[in-house]
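Chains A and B are the protein sequences, given in the same order.
For the first sequence, our numbering gives the first residue as 15, with consecutive numbering after it.
For the second sequence, our numbering gives the first residue as 263, with consecutive numbering after it.
The structure appears right after this line, and notes come after that.
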Amino acid sequence: MEMQPATDSRLELWHELMQFYIREAWLLDERRFREWLDLFTDDVFYFMPRRLNIHRSEPERELSPVGDLAIFEDDKTYLTMRVERLETGMAWGEDPPSRTRHLVGNLVAEPQPGGEVKAKTAFILYRSHHETEENVFAGYRDDVLRPTAGEWKIARRTIVLDSNVILAKNLSVFF
Amino acid sequence: MVAIGGKHQIINLETGQLDRSVFVDPDIYAEEQEKVFGRAWLMIGHDSLVAKPNDFFHTYMGEDPVILCRDGRGNLRAFLNMCRHRGNRIVRTDAGNTRNFACAYHGWTFSNQGELEYLPGEEEAYYGALDRDCLRLVEARLDTYAGIVFATWDKDAPSLDDYLGDARWLLDVSFNRLDNGTEALGPIKWLEPVNWKTAVDNCSDNYHVPTTHLSTIIVQGRHRGIPRLTHEQQFQSESKHLFVNGHSLTMRFLERADQARQTHGITADNREAFEAYYRQTLAEAERRLGSLRARRLQLGNHSLFPNGVLGLRLAHPRGPLQTEFWHFALLEKDMPEELKTALRRGSANYNGVNGIFEQDDMDNWRGVTNSALSPIGRKYTQDLSMGVGHDRRHPEYPGVVSERYTSESNQRLFYRRWEQFMNADSWDDIPLEPKAMRYEGTATLRG
Ligand code: FES
Ligand SMILES: [Fe+2]
């Protein structure tokens, strides 16, 4: 990606999307998961590939491609199931719930022909669980944002963790 | 002969009481690395992960890092990932393709057949005095079952065929159904704060499912049209637990030969397509497995002793309180692409590190593990008494068979198998059940 000269309209878009991501982070950290779910289109593809430990000369092998086994490969139904199970009060992996803090930044937005925007952000997700457990997840997200009825919706999200072996008991939190 | 008694007496089969110290004691942990992981046939991968000559895949046997590779002649080999000079790891990546492995420390270079091929200064620095033949890579014995690769360090271990014994009679219905076999995708890797045995013994624990996984059972009923699983159904079920040579199996009966198997990823919407696939492949499956196994039986949750868990999933020990878990998806190669996609997504989304089933298991297993850290708690035994006296030999099925689908028979016998390994001086002391089943059909160990 290239940094573009900062015209007014680009600045405005950047600012608008940054607000979108800040709102998303608060929705997650305040456990407002239904509202978070509404940020996604009905045809969303929510994807986290495996991150391989390979030689520098083989960058094309570093991420497992679509079609290979992925960590997350959700459609809207899978995402909805994840949210709804929390509401049953019996999703024991998240009850009591994780205490999370999503820090999102380094936004780069690239408008596409047709009105969609490719938006890339970096994140640190801190999670504290039960009494003393802590995880830190770092990575980036590649989103495709689609303008829908005056709002941005996430039509595609690829989450890339900076981990090979994931140093956590589970990924029961959202990215 | 099999020794009676022995140092490790952890399970009482009459009362089902288990000594919790096996989950946390560092001395026991160190000993089981030798006596269990140093002796058993361990699942390490799949031939599809190293499909081409010179492919390698980095794996583990217990705590030992292992290079699974296909050498230039096409033979599968498993080497300890340890340079024979000072011991550095010669492979540092998850996978790749290479004819030889060059150590990044001083440059000793080994072929993928294990020979020390080259070292800097062989004539000058070593004065030609180094015996390269004695410095081959340390190699494990390797064999395959229907494409799944197993290895053992113990030259006295029985054949893989005998090690699996009649467990294979039932395993075949999942892993050995079709001529073209399976392919493995993955793995997803993560670190669980549990003793490895808690993850393994959970594989025959049908009792926990309606409680631990209730939230997901509810939402998958709502969104995927999957009938709700209840305790009552499981108590009434005709399904069985089978225990053979350390391997814990659960066996379910199919109502119809083409019934969609009970597998994550099958939904009300794609059930028809799966059933069509089972119809299309029935004749082939029946030729390979005979009619009972092809038409009537399905493999439920299971584990292969010691640490193979539910399909091709591995519980690598990482100290008494940690387990590195590897999740592969194992798919029949002939399955249509859209069905493979459904199973691949179902596999990771239900049972991976993010799995909406599996994520609810972790804190239970950790709780069980850590109960043994409690000075008061460890004075009390773990209760595995469910169904004591209600398991026995069966005229039609292999091993020790439970009367009911909900039973702790397999858990008791798993810990008894562990005792047998831990109290044995060598493989001579470890009992194996002779194979007694009739294997109808053409399928063999090799596929
Ligand atoms: S440790 Fe490998 S060459 Fe020295
Ligand atoms: Fe479970």
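Where is the CB? At the ideal position from N, CA and C, for every residue including glycine.
In this text the structure is predicted, and so the values were computed from the model without any measurement.
Cβ-heavy atom distance, residue i to ligand 2, below 8 Å
i	result
B:Asp463	no
B:Asp625	no
B:Arg622	The sequence shown places Asp at residue 622 of chain B, rather than the Arg named in the question. Yes - ligand 2 has a heavy atom lying nearer than 8 Å to the Cβ of B:Asp622.
B:His589	no
B:His470	yes
B:Phe619	yes
B:Asp585	In the sequence as displayed, the identity of residue 585 of chain B is Thr instead of Asp. No, Cβ of B:Thr585 sits at least 8 Å from all heavy atoms of ligand 2.
B:Asp333	no
B:His475	yes
B:Asp467	yes
Nearest neighbour of residue i, chosen from the options [CA to CA]
i	options	result
A:Arg160	A:Gly129, A:Phe137, A:Thr146, A:Arg141	A:Gly129
B:Phe372	B:Gly390, B:Leu440, B:Glu401	B:Glu401
B:Leu275	B:Glu695, B:Arg351, B:Gln644, B:Ile692	B:Gln644
B:Cys465	B:Leu453, B:Arg674, B:Arg361	B:Arg674
B:Gln482	A:Leu139, A:Leu53, A:Thr102	A:Thr102
B:Leu516	B:Phe567, B:Glu546, B:Gly562, B:Cys365	B:Gly562
B:Asn685	B:Tyr291, B:Val286, B:Lys297, B:Thr631	B:Lys297
A:Arg48	A:Phe61, A:Met95, A:Leu66	A:Met95
B:Ser688	B:Gly336, B:Gly508, B:Pro420	B:Pro420
A:Ala39	A:Leu139, A:His29, A:Ser71	A:Leu139
B:Ser713	B:Tyr667, B:Asp423, B:Ile692, B:Gln682	One cannot answer for residue 713 of chain B here, as it falls past the ends of chain B, which runs 263 to 709.
B:Asp356	A:Ala152, A:His69, A:Ala123, A:Val80	A:His69
A:Asp157	A:Asn184, A:Glu148, A:Ala182, A:Thr55	A:Thr55
B:Glu594	B:Arg678, B:Lys602, B:Trp415	B:Lys602
B:Gln682	B:Leu338, B:Gly278, B:Arg439, B:Phe567	B:Phe567
B:His470	B:Pro693, B:Glu670, B:Asp333	B:Glu670
B:Ile273	B:Leu551, B:Asp467, B:Phe676	B:Phe676
B:Gly376	B:Phe619, B:Asn337, B:Ala366, B:Glu385	B:Asn337
A:Asp43	A:Arg113, A:Val80, A:Thr172	A:Arg113
B:Val571	B:Met624, B:Val462, B:Ala387, B:Asp623	B:Val462
B:His493	B:Asn468, B:Gly629, B:Met513, B:Val506	B:Asn468
B:Gln560	B:Arg403, B:Glu294, B:Phe412, B:Arg430	B:Arg430
B:Phe497	B:Asp289, B:Val284, B:Ile290, B:Ser664	B:Ser664
B:Cys261	B:Ala547, B:Ala366, B:Glu379, B:Ala604	Outside the displayed span of chain B (263 to 709) sits residue 261 of chain B, for which this structure offers no information.
B:Glu294	B:Asp623, B:Arg351, B:Asn569, B:Gly649	B:Asn569
A:Met150	A:Phe137, A:His144, A:Thr162	Just to set this straight, residue 150 of chain A is Val in the shown sequence, not Met. Answer by Cα proximity: A:Phe137.
B:Cys331	B:His564, B:His308, B:Cys345, B:Arg398	B:His308
B:Thr478	A:Lys90, A:Glu98, A:Ala20	A:Glu98
Cβ-heavy atom distance, residue i to ligand 1, below 8 Å
i	result
B:Asn274	no
B:Ile352	yes
B:Trp415	no
B:Tyr380	no
B:Trp370	yes
B:Arg348	yes
B:Cys345	yes
B:Cys396	no
B:Cys718	Residue 718 of chain B is absent from the model: chain B starts at 263 and stops at 709.
Contact belief for residue i with residue j at Cβ below 8 Å, rounded distance in angstroms
i	j	result
B:Leu432	B:Leu504	6 Å
B:His347	B:His368	6 Å
B:Ile450	B:Gly614	5 Å
A:Pro111	A:Arg45	6 Å
B:Lys697	B:Gly427	6 Å
B:His526	B:Tyr612	4 Å
B:Arg550	B:Thr704	5 Å
B:Ala591	B:Leu447	5 Å
B:Asn359	B:Lys314	7 Å
B:Leu342	B:Val328	6 Å
A:Pro79	A:Val174	With a Cβ gap of about 13 Å, A:Pro79 and A:Val174 do not count as contacting.
Checklist line | Runs of beta strand (DSSP E) lying entirely within the region 523-606 of chain B, each at least 3 residues, in chain order | finding: 559-566, 575-579, 585-594
Notebook entry, point to check: Can you list the beta strand (DSSP E) stretches of 3 or more residues lying completely in the region 145-172 of chain A, in chain order?
Noted result: 147-162
Check: Considering only residues of the region 267-337 of chain B, which uninterrupted beta strand (DSSP E) runs meet the minimum length of 3 residues and lie entirely inside it, listed in chain order?
Finding: 304-308, 317-323, 326-332
Check: Curious, which full-length alpha helix (DSSP H) runs of at least 4 residues does the region 51-113 of chain A contain?
Finding: The region 51-113 of chain A contains these whole alpha helix (DSSP H) runs: 90-101.
Item checked: Length at least 4, wholly inside the region 609-666 of chain B: the alpha helix (DSSP H) runs in chain order -> 624-633
Notebook entry, point to check: Curious, which full-length beta strand (DSSP E) runs of at least 3 residues does the region 380-465 of chain B contain?
Noted result: 401-407, 410-414, 444-454
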